[in-house]
Structures are given as structure tokens and as C-alpha cells.
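These notes are about the structure you will find just below.
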Amino acid sequence: MSAPSSNPSSSPAGSAPRPVWVDALIAVIPVVAVSVLGNAVTIPQVMTWYPTIAKPPFNPPNWVFGPVWTTLFALMAYGVYRILRVPAGTPGKTPALVAYHVQLALNLAWSCVFFGLNSPLGGMLVILPFLAMILVTIALFARLDRLAAHLQWPYVAWVSFATLLTISIWWLNR
219 MSAPSSNPSS SPAGSAPRPV WVDALIAVIP VVAVSVLGNA VTIPQVMTWY
269 PTIAKPPFNP PNWVFGPVWT TLFALMAYGV YRILRVPAGT PGKTPALVAY
319 HVQLALNLAW SCVFFGLNSP LGGMLVILPF LAMILVTIAL FARLDRLAAH
369 LQWPYVAWVS FATLLTISIW WLNR
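Per my numbering, numbering through the sequence shown is continuous, rising by one, with the last residue being 392.
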């Protein structure tokens with residue numbers, strides 16, 4: 219398993235390496251943005267629309283989602299931080315970062331479609347490629363840093379559960 223370099227070549231050749239705190243901010247800011255924007259769309263609907271639709275018996279109580287997502291976002295941010303610390307020019311680094319940010323955008327898109335548009339069908343159509351993109355991200359991360367990849371498995375587990383929940387909600391409300 220590789221570890222993030224303490225002195226990576228994260229900057230163009232001949233320039234000083236990027237400071238650790240810069241990579242930490244680059245890792246954390248998109249995750250926080252997705253969390254804040256997702257919550258802005260989701261929370262009002264959890265109080266209004268969501269209670270009115272049929273849900274399967276395995277639907278978790280609302281209080282579960284906050285701690286789970288906080289943990290998952292922390293794991294995601296640390297994983298991408300480790301990828302950011304991989305030296306610049308390392309083959310596969312750019313595709314891994316692109317895949318990561320695509321799945322992050324799909325994460326937000328799911329909240330906007332499922333909750334914002336009150337559309338379980340639309341949510342189902344978003345969550346399937348979202349889950350696939352997390353798996354692509356893991357595969358690409360694993361080539362660079364196995365721990366960064368392994369940190370994403372709880373995310374896969376939760377989004378797999380969310381996929382089942384989304385499909386079930388669509389089915390019960392079709």
C-alpha cells in the first residue's frame with residue numbers, strides 16, 4: 219500500500235511542492251460544498267414531502283442520516299487528500315481525481331432530483347450511475363493508494379443501501 223508523500227511533486231517541475239494545508243483544503247471544500255448544498259435541498263423536503271410518501275420497513279429513522287453522511291464525507295475527503303498528495307505526473311492521478319469529482323457531482327444531483335424534484339424515479343436514474351462512478355473511483359484510487367481506495371468502501375455500502383431504498387420508494391409510490 220502506498221502512502222501519501224510528505225514532499226510530493228504536486229507542483230509543476232522546478233517549483234516548490236504544494237503545502238499540505240492546500241491539499242487539505244482542496245480535499246475538504248468540495249465535500250463541504252456538496253454536504254451544504256445537498257442539505258439545503260434535502261432538509262426542507264424531509265419535513266414536508268418525504269413523510270407523505272410510502273417507504274419500506276427498512277427505511278432508517280431520519281436521525282441516522284446526519285452521522286452516517288458526516289462519517290462518509292470525512293472518509294471521502296481523507297481519501298482524496300491522499301490522492302492529491304501523490305506526486306504530480308503520476309500516471310492515473312488525473313483520471314482518479316476526475317472520477318472522484320464526477321461521483322461527488324452525482325451525489326449532489328441525487329439529492330436535487332430525489333428530494334428537490336420529489337422524484338423517486340429520477341433519483342433511481344441518478345443513483346445507479348452514481349454508485350457505478352464510486353466503484354470506478356475506487357478502482358482508480360487503488361492504483362495510486364490502496365488506503366485511499368479502501369476508505370471509500372463504507373461509502374459504497376451506504377450508497378448501495380440508498381440504491382435499494384430509492385428503488386423501493388419508487389416501487390411503493392409508482
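Cβ coordinates follow ideal geometry from the N, Cα and C atoms, glycine included.
Computed from a predicted model, the values in this text were never measured in an experiment.
- Can you give me the Cβ contacts of L322 inside the same chain, cut-off strictly under 8 angstroms, excluding the 5 residues immediately before and after it? Taking the sequence shown and counting its residues from 1, one reaches residue 322 at position 104. Correct list, in chain order: P248, V249, V252, M294.
- Message: For L382, count the other beta carbons within 10 Å of its own beta carbon; 16 or more makes it buried, fewer makes it exposed. Which is it?
- Response: Residue numbering aside, residue 382 sits at position 164 when the sequence shown is read from its first letter. Exposed is the call here.
- Message: Can you tell me whether L324 is buried or exposed? The criterion is at least 16 other CB atoms within 10 Å of its CB, across all chains shown.
- Response: Sequence index remark: in the sequence shown, residue 324 carries index 106 (1-based). So L324 ends up on the buried side.
- Query: How would you call G284, buried or exposed, if buried means at least 16 neighbouring beta carbons within 10 angstroms?
  - Reply: Residue mapping note: residue 284 aligns to position 66 of the sequence shown, counting from 1. Exposed, because fewer than 16 other Cβ atoms sit within 10 Å of the Cβ of G284.
- Query: Using the beta-carbon count (16 or more within 10 Å), is W281 buried or exposed?
  - Reply: Position 63 of the sequence shown, counting from 1, holds the residue named residue 281. W281 comes out exposed.
- Could you check what DSSP says for N257 in three-state terms: helix, strand or coil? Locating residue 257 in the sequence shown gives position 39, where the first residue counts as 1. In the structure shown, N257 sits in a helix (DSSP, three-state: H, G or I).
- In the DSSP assignment, find the alpha helix (DSSP H) that holds A234 and state where it starts and stops. As a first step, residue 234 must be located in the sequence shown, where it is residue number 16. Run containing A234: none; DSSP gives neither H nor E here.
- Message: I need the DSSP call for V304, collapsed to helix, strand or coil.
- Response: Your numbering for residue 304 matches position 86 in the sequence shown. Residue state, collapsed to three classes: coil.
- Query: Span of the alpha helix (DSSP H) holding L343?
  - Reply: Position 125 of the sequence shown, counted from the start, is the residue given in the question as residue 343. Counting along the chain, the alpha helix (DSSP H) containing L343 begins and ends at 338-360.
- Count the other CB atoms, across all protein chains shown, that sit within 10 Å of the CB of T270; report buried if there are 16 or more and exposed otherwise. Here residue 270 refers to the residue found at position 52 of the sequence shown. Classification for T270: exposed.
- Beta carbon of F291 nearer than 9 angstroms to that of S386: Indexing the sequence shown from 1 puts residue 291 at position 73. Indexing the sequence shown from 1 puts residue 386 at position 168. Cβ distance not < 9 angstroms, so F291 and S386 don't count as in contact.
- Have a look at L362 and R392 and give me their C-alpha separation to the nearest angstrom. For this step, residue 362 is matched to residue 144 along the sequence shown. For this step, residue 392 is matched to residue 174 along the sequence shown. Roughly 43 angstroms separates the two Cα atoms.
- Does the region 254-265 come close enough to the region 305-323 that 3 or more CB-CB pairs lie under 8 angstroms? no
- Query: Does DSSP put I247 in a helix, in a strand, or in coil?
  - Reply: Within the sequence shown, residue 247 is the residue found at index 29, counting from 1. In the structure shown, I247 sits in a helix (DSSP, three-state: H, G or I).
- Task: Measuring alpha carbon to alpha carbon, tell me which of W388, P313, P372 ends up nearest G341.
- Result: In the sequence shown, the residue the question calls residue 341 occupies position 123. Minimum Cα distance to G341 is reached at W388.
- For K311, name the three-state secondary structure that DSSP assigns. The residue you call residue 311 lines up with position 93 of the sequence shown. Looking at K311 - three-state DSSP - the assignment turns out to be helix.
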